[in-house]
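The structure appears right after this line, and notes come after that.
Residue numbers (mature numbering (1 follows the signal peptide of the UniProt record, and there is no 0)): -17 to -1, 1 to 367.
Have a look at this one:
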């Protein structure tokens, strides 16, 4: 038989256990990652044939996206327009695109505080599959890179090869810096090759700076159709149509203001410096500067400024609806640069279309003097 003391001891232990239960551990609350910015986002690597689709689906989740040897399927845009703020894109290896005849674009990037790095990488759409010498005519060709709405962003060391059509189209970009970009479509030189392979087309943008670019193509190296505070500096343009403003007119925005082309070379091109406004159109071109430009092997025009562009150069009586004002052209080196069959300097302005120009240390020779210059503002004698 159990002793009474033993039974009482067991009962007392039970009472104590009930009166003083062991506390269960408190649940650990998950951190509120939504309040911790980039901490919730990862470094993600994408590669191969399904890399583009996976990258597109993961845009909001990745702080850094490594895009390694991506093979983009035919008839599709590598669409990175949904990036979270502060995303870092890193291209590695060679990015390729499948073939299909459509309008494109083949690549789209959009966002705020985006950094794109491409050192050692190549973006190669293999444009020769589309080239037929007809550009926007002939077979349908895709535009390559559409940068719409890139704000306070940087693109560094990107190499683009052989675009079917226009290479980099920028619209509604604000505070965009492009550093050391190479666009090389020189494989399209010659009959039946590339055409309308513009390097940079810029519209509706502000505070865009392109530094140290190298462009080898068959059309405008740079064409600024509208925008404010745009600078192209330290560049090389070869094989195309040089440094262009316009054509300005017949677009929703027809104002170009405070544009600078500085310390750049134009080689083996149709013209080196061009400003073109469309007959009968309205708008404005003001505060454009070309300074420190060196040209060589120019076939047609060393400098051409025309207010009678209409799908081609010098197409009729110039009009003054898009005035060209506060233009500065200085330190231009082009001695012997123009072909004997070409023209050194062409200026065709409407009766009130051009005013307040500064023209200083301009040497463009080798070609002919153009006999049809009109509306030249002070200083006189620049059409030579």
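Glycine included, each C-beta is placed from N, C-alpha and C at the ideal position.
The Cβ atoms of residue 356 and residue 330 lie closer than 8 Å to each other. For residue 94, the enclosing beta strand (DSSP E) begins and ends at 90 to 95. Only residues of its own chain outside the window of five on either side were considered, and among them 223, 224, 225, 281, 282, 283 and 284 have a CB closer than 8 Å to the CB of residue 253, listed in chain order. Residue pairing from DSSP places residue 143 in a beta bridge opposite 106 and 166. The residues 56 and 57, in chain order, have a CB closer than 6 Å to that of residue 81 in the same chain once the five nearest residues on each side in sequence are set aside.
Residue state for residue 54 is assigned as strand, using DSSP reduced to three classes. As a beta-bridge residue in DSSP terms, residue 183 pairs with 151 and 205.
Taken through DSSP and simplified to helix, strand or coil, residue 126 comes out as coil. Distance from the CA atom of residue 164 to the CA atom of residue 205, rounded to whole angstroms, is 13 Å. Counting C-beta pairs closer than 8 Å gives three or more between the segment 231 to 251 and the segment 298 to 312, which meets the contact rule. Here residue 360 really is in contact with residue 338; their C-beta atoms are around 5 Å apart, less than 8 Å.
The C-alpha of residue 366 is placed about 32 Å away from the C-alpha of residue 149. One thing to note: residue 140 has its Cβ no nearer than 8 Å to the Cβ of residue 107.
According to the DSSP secondary-structure assignment, residue 131 is paired through a beta bridge with 154. Within the same chain, 154, 155, 209 and 236 come within 6 Å of residue 187 by CB-CB distance, once the 5 residues on both sides are set aside.
Annotation: the continuous beta strand (DSSP E) that includes residue 243 extends over 238 to 261.
A direct Cα-to-Cα measurement between residue 93 and residue 131 gives close to 6 Å. Judged by DSSP secondary structure, residue 290 falls within the beta strand (DSSP E) whose first and last residues are 267 to 292. DSSP lists 137 and 192 as the bridge partner or partners of residue 160. Around the beta carbon of residue 68, a 10 Å sphere encloses fewer than 16 other beta carbons of the protein chains shown; the residue is thus reported as exposed. Nearest in C-alpha terms to residue 247, of all of 293, 214 and 175, is 214. Secondary structure note for residue 75: it is in no alpha helix (DSSP H), and the uninterrupted beta strand (DSSP E) holding it is 71 to 75.
In the structure shown, residue 352 adopts coil according to DSSP, grouped into three states. In the structure shown, residue 25 adopts extended strand secondary structure according to DSSP, grouped into three states. Nearest C-alpha to residue 166 among 133, 109 and 189: 109. By the criterion of a C-beta distance shorter than 8 Å, residue 265 is surrounded in its chain by 232, 237, 304 and 305, once the five residues flanking it on both sides are discounted.
Taken in chain order, the complete beta strand (DSSP E) segments of 3 residues or longer contained in the segment 298 to 348 are 311 to 317, 326 to 331 and 341 to 347.
Spatial neighbours of residue 183 in its own chain (CB-CB distance under 6 Å, excluding positions within 5 residues in sequence) are listed in chain order as 151 and 205.
Separation of residue 185 and residue 207 (C-alpha to C-alpha, rounded to the nearest whole angstrom) is 5 Å.
If the five residues before and after residue 219 are omitted, its C-beta is found closer than 6 Å to the C-beta atoms of 197 and 248, all from its own chain and listed in chain order. Excluding residues up to 5 positions away in sequence, 98 and 160 lie with their Cβ nearer than 6 Å to the Cβ of residue 137 in the same chain.
When DSSP states are grouped into helix, strand and coil, residue 177 belongs to the coil group. Residue 245 is positioned such that its CB atom lies no closer than 8 Å to that of residue 270.
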